[in-house]
Amino acid sequence: MGKIKFISFIIFSLPFLGVSQTLENLDYISPFHEDLAAIQKGDQWAIIDTDGSIVIDYRSDLVSTVFDYATYPIFRDGLCLIEKEKDGIVYFGYINTLGESVIEPQFLNASNFKDKKAIALKLIKETAGENTALGKNVVYYKYFEVIINKEGNVMSYFLKKVKT
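Numbering (the working numbering), first residue to last: -4 to 159.
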C-alpha cells in the first residue's frame, strides 16, 4: 500500500475509532511510537494518542527526526526534541509527553534519547579577560560532545585524542 493510500486510510479511519476531535486538513500522520504519533498541519506539529486525541497542541518547535525513511517528531524514553533560537543560534532541548519543557534548549545539537541517554553538543562560554578600551569582556567558546541523562545533566564527555 502506498504512503498516500496508507495516510488516507488512517485519516478516514480515525472517525470510526472514536476520535474525540476532528482532525482535518492534515499534511502528515506519523506512525505511533510509545503510543504517540505526530500530526502535521502546515509547518506545525501536534501529538496525538492512540485514541486520536491531541495531547500536545500544534507548535513549531518540535524537531523532526528521520525514522524509517520519513521525517517527523518522535518520542523516545518519554522525551521529544525541541528547538529554540537565541541570538541567531538554534539550541536544542526536550519536552515530556505533557508538552512541558524538561530540559531547556541549551545544546548546539542533540540526539533522541535511547536507554535514558542522549548525545548532545554542549556549549561552554568562558571569559578570558576584559577589553578596557571597549568596556567589554573577552570571551571564547568551547563545545563538547557529551552524554546526558533525562534530567539534562552531563554523564560523560567524549574526548578525541589529538595526534602529536
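We treat Cβ as the ideally placed atom computed from N, Cα and C, and that holds for glycine. The structure displayed is predicted, hence computed values, not measured ones.
Determine which residues share a DSSP beta bridge with residue i and list them.
i, result
"Gly124", "Val133"
"Asn104", "Leu116"
"Tyr152", "Val141"
"Phe87", "Glu78 and Phe102"
"Val61", "Thr66"
"Tyr23", "Gln35"
"Lys109", "Lys112"
"Ser96", "Ile90"
"Asp44", "Leu31"
For residue i, which option in the options has the closest C-alpha, if you only look at C-alpha atoms?
i, options, result
"Trp40", "Ser25, Asp46, Glu80 and Asp30", "Ser25"
"Asp30", "Tyr86, Thr92 and Ser59", "Thr92"
"Tyr152", "Tyr135, Ile114 and Ser48", "Ile114"
"Asp46", "Asp38, Leu57 and Ala32", "Ala32"
"Met150", "Ile43, Lys111, Leu21 and Lys137", "Lys111"
"Asp63", "Leu129, Gly130, Phe27 and Thr127", "Phe27"
Under 8 Å by Cβ, that's how I've got residue i and residue j pegged, so tell me the actual separation to the nearest angstrom.
i, j, result
"Asp162", "Lys109", "Past the boundaries of the shown model lies residue 162; the chain is included only from -4 to 159, so the question cannot be answered."
"Asn132", "Thr122", "5 Å"
"Ile98", "Gly147", "4 Å"
"Gln101", "Tyr86", "6 Å"
"Asp44", "Val50", "5 Å"
"Val58", "Glu78", "5 Å"
"Tyr67", "Tyr138", "The pair is not a contact, with the Cβ atoms about 28 Å apart (cut-off 8 Å)."
Between the C-alpha atoms of residue i and residue j, what's the straight-line distance to the nearest angstrom?
i, j, result
"Ile142", "Leu18", "38 Å"
"Glu125", "Ile119", "18 Å"
"Asp82", "Glu140", "22 Å"
"Leu76", "Asn104", "10 Å"
"Leu21", "Tyr53", "11 Å"
"Lys145", "Gln35", "26 Å"
"Ala128", "Ile42", "52 Å"
"Glu95", "Leu74", "10 Å"
"Gly130", "Tyr136", "19 Å"
"Phe4", "Glu80", "Residue placement at Phe4 is flagged as unreliable, the pLDDT there being 47, under the threshold of 50; the coordinate-derived value follows with that caveat. Roughly 37 Å between the two C-alpha positions."
"Lys0", "Ala65", "Annotation note: pLDDT 44 at Lys0 (below 50); position unreliable, no value reported."
"Val134", "Gly37", "40 Å"
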